[in-house]
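Asker: Using numbering that gives the first Met the number 0, you'd call the opening residue of the sequence shown number 0 and step up by one each time. Yeah, the Cβ is synthetic: ideal placement off N, Cα and C, and Gly gets one too. My structure is below; once you've seen it, I'll send some questions.
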Amino acid sequence: MTVRALRIGGGATPIDARPTAKMSVVIPCYNESENLPILLERVCRVMTGMAVPFEIIVVDDGSRDATWQVVSGAGVRIGELRGLRLSRNFGKEAALTAGIDATTGAAIVLLDADLQHPPELIPRLVERWHHGADMVYAVRTSRQADPWTRRLVTRGYYWLFRRLSDVELPMGAGDFRLLDRCVIDALSTLPERVRFMKGLYAWVGFSHEGVEFEPPRRTAGISAMNLRRLTRFGFDGIVAFSRLPLIVAAWLGALVAAPALVIGGWLLLRTLVYGVDVPGYASTIVSVMVLGGVQLLTLGLLGAYVGRLYEEAKQRPIYLVRDAIGLGDPGIGAP
């Protein structure tokens, strides 16, 4: 049976219950053994100062350094700490999903482990949640901490995404955000295996607000998101939320085919009237190259969408859990 509409759980957390509700903080990490102790100390200080029950869920996304040892040691000292260690590096989107699946709070805060998402901003996010917003996202006021190539690619990608997709991505908004339980329940119903979380946050809707902040520079380690990974990640987002590339490819094929038919008819008529003459090699080669390029472009786009269908049809888990701290039996993975 086709699902036409879905009602999400018990709805949003009541406004009057939010000030005392339990909070969850989700931190996905990959090779962040240097930054993680500092971050956990700052998160604990902020959350303790808010005087609400809370939990911290750290997801080790197959790190190759001592990240899991740091999590294990912190779990002994911090009673609110929970840990998940994935069986390999599944990517940040899968790690975020694993952390979200493990939460029990009425609202969750997502932040990176590289210290560029300051935990001191959490009270401002929570304040907007107390006033009724179901989703509060942090908006970068600048990207001076990023290399110029990444700033250029990011700005261009947001521009392109807005024109290709019906989903609106807030400029400067990333994964640093607060989600009410109703948003979490909505995300849990989405079956995508290849997940573009920024698009999913926007697709589920709900009331949302932005809070501006100035990101500090990374103090230790290097970002795992290089230009190649960012390009692949961005292309996955466009494939997940837009069919326009296929439509553009179809129109491009039509634009190339229409003059080809006209020229072909003219050549046929000329041959019938004047006979066969010596063809020009240049025009033949150019025509073959143009048509071949259009065909390869169209096949590539079709392949990207068919490949996405293939990945979804396999129904593999989004992630697999190797070890856990403070979560009992979290299960081996997300269906």
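(1) Is the stretch 171-178 in contact with the stretch 193-204, if contact means three or more CB pairs nearer than 8 Å?
(2) Quick check on DSSP: helix, strand or coil for Tyr309?
(3) What are the boundary residues of the alpha helix (DSSP H) that includes Glu40?
(4) Where Glu167 and Val75 are concerned, what is the direct C-alpha to C-alpha distance, given to the nearest angstrom?
(5) Would you kindly report the start and end of the unbroken beta strand (DSSP E) that includes Gly82?
(6) Please report how far the alpha carbon of Asp100 lies from the alpha carbon of Ser187, in whole angstroms.
(7) What residue ranges within the stretch 129-208 form continuous alpha helix (DSSP H) runs of no fewer than 4 residues, ordered along the chain?
(8) Span of the alpha helix (DSSP H) holding Arg76?
(9) Of all the options Leu300, Ala73, Val24, which has the alpha carbon lying nearest to the alpha carbon of His116?
(10) Tell me, please, which residues DSSP counts as bridged to Leu301.
(11) Can you say whether Ile56 is buried or exposed, counting buried as having 16 or more other CB atoms within 10 angstroms of its CB?
(12) Less than 6 Å between C-beta atoms, sequence neighbours within five positions excluded: which residues of the same chain meet that for Glu92?
(13) Got a sec? Which residues, its chain only, sit under 6 Å from Ala281 by beta carbon, not counting five neighbours each side?
(14) Quick one, which of Met46, Leu95, Ser62, Ser86 has its alpha-carbon nearest Leu80's?
(15) Less than 9 Å between the C-beta atoms of Leu177 and Ile121, yes or no?
(16) By how many angstroms is the C-alpha of Tyr156 removed from the C-alpha of Gly325?
(17) Should Pro215 be labelled buried (16 or more other beta-carbon atoms within 10 Å of its own) or exposed?
(18) Tell me, which residues are paired with Leu109 by DSSP?
(19) Measuring CB to CB, does Ala137 end up less than 9 Å from Val210?
Answerer: On the basis of the coordinates in this document:
(1) yes
(2) Here residue 309 refers to the residue found at position 310 of the sequence shown. Helix at Tyr309.
(3) Counting from 1 along the sequence shown, the entry for residue 40 is found at position 41. Residues 35-48.
(4) On the sequence shown, position 168 is the one that residue 167 refers to. On the sequence shown, position 76 is the one that residue 75 refers to. In a straight line, the C-alpha of Glu167 is about 42 Å away from that of Val75.
(5) In the sequence shown, residue 82 corresponds to position 83, counting from 1. Run containing Gly82: 80-85, per the beta strand (DSSP E) assignment.
(6) Residue mapping note: residue 100 aligns to position 101 of the sequence shown, counting from 1. Residue mapping note: residue 187 aligns to position 188 of the sequence shown, counting from 1. The alpha-carbon atoms of Asp100 and Ser187 are separated by roughly 7 Å.
(7) 147-163, 180-187, 196-203
(8) The residue labelled residue 76 in the question sits at position 77 within the sequence shown. Unbroken alpha helix (DSSP H) run through Arg76: 66-76.
(9) Here the question's residue 116 lines up with position 117 in the sequence shown. Per the Cα distances, Val24.
(10) Your numbering for residue 301 matches position 302 in the sequence shown. Beta-bridge pairing links Leu301 to no other residue.
(11) By one-based count along the sequence shown, residue 56 stands at place 57. Classification for Ile56: buried.
(12) As a first step, residue 92 is located in the sequence shown; it is residue number 93 there, counting from the start. Within the same chain, Glu92 has close Cβ partners Arg194, Met196.
(13) As a working mapping, residue 281 is identified with position 282 in the sequence shown. Caution applies to Ala281, whose pLDDT of 49 falls short of 50 and renders its modelled position unreliable; the value that the coordinates give is listed next. Closer than 6 Å at the Cβ level, and outside the excluded window around Ala281, lies no residue.
(14) Residue 80 sits at position 81 when you count from the first residue of the sequence shown. Nearest C-alpha to Leu80: Met46.
(15) Counted from its first residue, the sequence shown places residue 177 at position 178. Counted from its first residue, the sequence shown places residue 121 at position 122. It is a contact, given that the beta carbons lie within the stated cut-off.
(16) Position 326 of the sequence shown, counted from the first residue, corresponds to residue 325. Position 157 of the sequence shown, counted from the first residue, corresponds to residue 156. C-alpha separation (whole angstroms): 39 Å.
(17) As a first step, residue 215 is located in the sequence shown; it is residue number 216 there, counting from the start. It counts as exposed.
(18) Sequence index remark: in the sequence shown, residue 109 carries index 110 (1-based). Leu109 pairs with Val25, Arg176.
(19) The residue labelled residue 137 in the question sits at position 138 within the sequence shown. The residue labelled residue 210 in the question sits at position 211 within the sequence shown. It is a contact, given that the beta carbons lie within the stated cut-off.
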